[in-house]
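The block underneath contains the structure these notes are about, expressed in structure tokens.
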Amino acid sequence: MITSAAGIISLLDEEEPQLKEFALHKLNAVVNDFWAEISESVDKIEVLYEDEGFRSRQFAALVASKVFYHLGAFEESLNYALGAGDLFNVNDNSEYVETIIAKCIDHYTKQCVENADLPEGEKKPIDQRLEGIVNKMFQRCLDDHKYKQAIGIALETRRLDIFEKTILESNDVPGMLAYSLKLCMSLMQNKQFRNKVLRVLVKIYMNLEKPDFINVCQCLIFLDDPQAVSDILEKLVKEDNLLMAYQICFDLYESASQQFLSSVIQNLRTVGTPIASVPGSTNTGTVPGSEKDSDSMETEEKPGSALVGKTPEASPEPKDQTLKMIKILSGEMAIELHLQFLIRNNNTDLMILKNTKDAVRNSVCHTATVIANSFMHCGTTSDQFLRDNLEWLARATNWAKFTATASLGVIHKGHEKEALQLMATYLPKDTSPGSAYQEGGGLYALGLIHANHGGDIIDYLLNQLKNASNDIVRHGGSLGLGLAAMGTARQDVYDLLKTNLYQDDAVTGEAAGLALGLVMLGSKNAQAIEDMVGYAQETQHEKILRGLAVGIALVMYGRMEEADALIESLCRDKDPILRRSGMYTVAMAYCGSGNNKAIRRLLHVAVSDVNDDVRRAAVESLGFILFRTPEQCPSVVSLLSESYNPHVRYGAAMALGICCAGTGNKEAINLLEPMTNDPVNYVRQGALIASALIMIQQTEITCPKVSKQII
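Next up, the structure:
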């Protein structure tokens, strides 16, 4: 049994190359036991590696690599492992090989990511030996059928060639495609690279024996390519695959923005179909859809029959098929079906509202009960509680009246055909001017009814806002217009709202700032950002600043790293409201991404900013970033929920409520319970609101604490 490597090490001083080679082979066999002793002479081994005339220099590199590995010098170990060439066996399962491969992949990934962000001429060359080891690892994964592991490493290292090869060589291509799409949408934190991956997925989906058009269209939504979606729909119609075309239209309505849908609709009208226009449609910035269209369609087909009806004996004319697709894309059919479902299944308990109304008689609880009623009856069109309590409702004055009127918009959400008749009592009239709060609330209610599905109501709200002379009516009109034109990026709507913003009226400006963000939602419009940030830095009205703070953030919705420059600028501003806007922009830009960099930034601000409002906003924003992985949120905010600062505690409560809404998450509820007894009143308020959010649609079985009375 060998007790020392001194004798073997002494052979390295011999003149004969054969003796040195013999010594290296022996040292390689005992290096795991005598690495400490060998390390004192590692310089001799390094000299042998550097001698290009030495035949076994690669073996010297392997021994040196193992010595440095045991010393914890992983970078030197990796360099010598690369020098060992084929002697470094990636298929060996030893701890040394696994560690060096991990370091190799990390180093390679870092270089690839750095190169990806550089222009073509400035990219740094990557060591071919490094790439060779990574390629061997990819091949090992494929040989062992570890396709998911290969896909993960390929995405980490930005190797789209390997990514595509792995999917195509796997024994379950559809399964790997689904896995890749899920990874792409939930874990990928660079939008530019994500778009490249989506393009590869689209190509593979389209080249399948039976193309998966549904997933292709989902990818194209994220790629913002309405033209390609239109082409697919045209292709399906020509191939008489109508059911698939209609299903894709329903999926598009559920997933895409108004601007995207309107582009698809315009393309369907103009490409390969004899349709000039649909009566009553607005310009290209809105989703066309009018009552006249709807009425004409009703005679052709009952709602839902596009998917479940019998196959007709003769194929419909292309014009009819396109009209049906437009009807689905414009949302008419989905909204109508949803509305009928809610009306049929309305099982609300009015006694809850009655008991709430009678429990505490003050103005705050009056407004809260009105809002609770609208949430309970959202989309059901049932305003029975309000009709039964008209005298009680009449007590609402000023902004409470505005809120009460606007709550009708929540109750009648989706009831679009009769929206103007339903709200006629509360809308501005030319003959006899009514209460400004009531009229403003009425316009806001119209926006809520048509939220994200404006259609013709946008033009009505535009005219009302142009003609409004009262700041409260303009406030409601701006909010309603912002909701109806959400995400359309319509220039005429933007210009009118900007005009209202520049009037420097606090009440109007607050709503206009928020509405500008809604209209430009996710557009990253440079002119809009410049206008809004510029005015925010000039105005003296805090209300306008607050509206713009949220509006600016909405413009950057989902833009991820593209918003970083704006975030940096806002976070450095001396005005705390604009720094708060920076926090909201982080929340919106990285919404649902779980981005580690964004989380680190928010946590840093949460404990370092001098302004309590900014710190609170930073903690609240964590909820938006983590909402796709709600189980992670409690551990992230648990320490913040015990902060000495009540604003931070409030933010932690709201982050839990936002992130875990409707999940009944037990950890989140356990964190909130002690906060319901917090000595600070607004922390208790936040904890109660968050608890309600978490317990949305939970039963006593799924969440036992749902029936607990918190007093």
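Take the sequence shown: its position 95, counting from 1, is numbered 95 in UniProt numbering, and each next residue is one higher. For glycine and all other residues, C-beta sits at the position ideal for the given N, C-alpha and C. The structure presented is a predicted model; accordingly, all values stated were derived computationally and were not measured.
Three or more Cβ pairs closer than 8 Å define a contact, and the segment 614-632 meets that threshold against the segment 650-663. Within the segment 421-473, complete alpha helix (DSSP H) segments of at least 4 residues are found at 436-449, 457-467, given in chain order. In this structure the segment 516-524 lies against the segment 557-567, because at least three pairs of beta carbons, one per stretch, are closer than 8 Å. Cβ neighbours of glycine 7 within its own chain (closer than 8 Å, five residues either side excluded): none.
Uninterrupted alpha helix (DSSP H) stretches at least 4 residues long and entirely within the segment 537-593 occur at 542-555, 564-571, 576-589, given in chain order. One thing to note: serine 581 has its Cβ no nearer than 9 Å to the Cβ of alanine 606. In chain order, Ser77, Tyr96 place their CB closer than 6 Å to the CB of tyrosine 69, counting only its own chain and leaving out the 5 sequence neighbours on each side. DSSP places proline 119 outside any alpha helix (DSSP H), giving it a letter other than H or E.
A contact is defined here as three or more CB-CB pairs under 8 Å, and the segment 485-495 fails this definition with respect to the segment 213-230. Here threonine 369 is buried, its C-beta having at least 16 other C-beta atoms within 10 Å. For proline 679, the three-state secondary structure derived from DSSP is coil. Taking isoleucine 599 as the centre and dropping the five residues before and after it, the same chain places the C-beta of Leu622, Ile625, Leu626, Val636 closer than 8 Å to its C-beta, in chain order. At the C-beta level, lysine 191 and glutamate 562 come within 9 Å of one another.
Per DSSP, reduced to three states, the secondary structure at methionine 695 is coil, with no helix or strand assignment.
When rounded, the separation of the alpha-carbon atoms in tyrosine 644 and cysteine 184 is 39 Å. A distance below 6 Å between beta-carbons, with the five flanking residues on each side excluded, links phenylalanine 193 to no residue of its chain. Straight across, the Cα-Cα distance linking asparagine 681 with methionine 654 is about 14 Å. Cα atoms of aspartate 573 and lysine 597: separation of roughly 20 Å, rounded to the nearest angstrom. For serine 257, the secondary structure class from DSSP, reduced to helix, strand or coil, is coil.
Pairing alanine 29 with leucine 11 gives a Cβ-Cβ distance that is not under 9 Å.
Under the Cβ criterion (8 Å, minimum of three pairs), the segment 394-411 counts as touching the segment 432-439. Pairing isoleucine 100 with threonine 539, the inter-Cα distance amounts to about 58 Å.
It is roughly 12 Å from the alpha-carbon of alanine 359 to the alpha-carbon of methionine 351.
C-alpha of isoleucine 133 to C-alpha of phenylalanine 74: approximately 16 Å in a straight line. Unbroken alpha helix (DSSP H) runs of no fewer than 4 residues, entirely contained in the segment 639-688, are found at 646-659, 666-675, following chain order. Under the 10 Å beta carbon count, threonine 699 is surrounded by fewer than 16 other beta carbons and is classified as exposed. In the structure shown, tyrosine 502 adopts coil according to DSSP, grouped into three states. In the structure shown, the three-state DSSP call for valine 200 is helix. At a Cβ-Cβ threshold of 9 Å, glycine 442 and tyrosine 426 count as neighbours.
Around the beta carbon of lysine 324, a 10 Å sphere encloses 16 or more other beta carbons of the protein chains shown; the residue is thus reported as buried.
Scanning Ile689, Gln128, Lys498, Gln218 for the CA closest to the CA of aspartate 531 turns up Lys498. The alpha carbon of alanine 64 has as its nearest neighbour, out of Gly53, Val90, Phe34, Asn93, the alpha carbon of Phe34.
In this model, glutamine 632 and valine 113 are separated by some 27 Å (Cα to Cα).
Between asparagine 346 and histidine 377, the C-beta spacing is below 9 Å. Around valine 197, the same chain offers Cys184 as residues with beta carbons nearer than 6 Å, after the five sequence neighbours per side are excluded.
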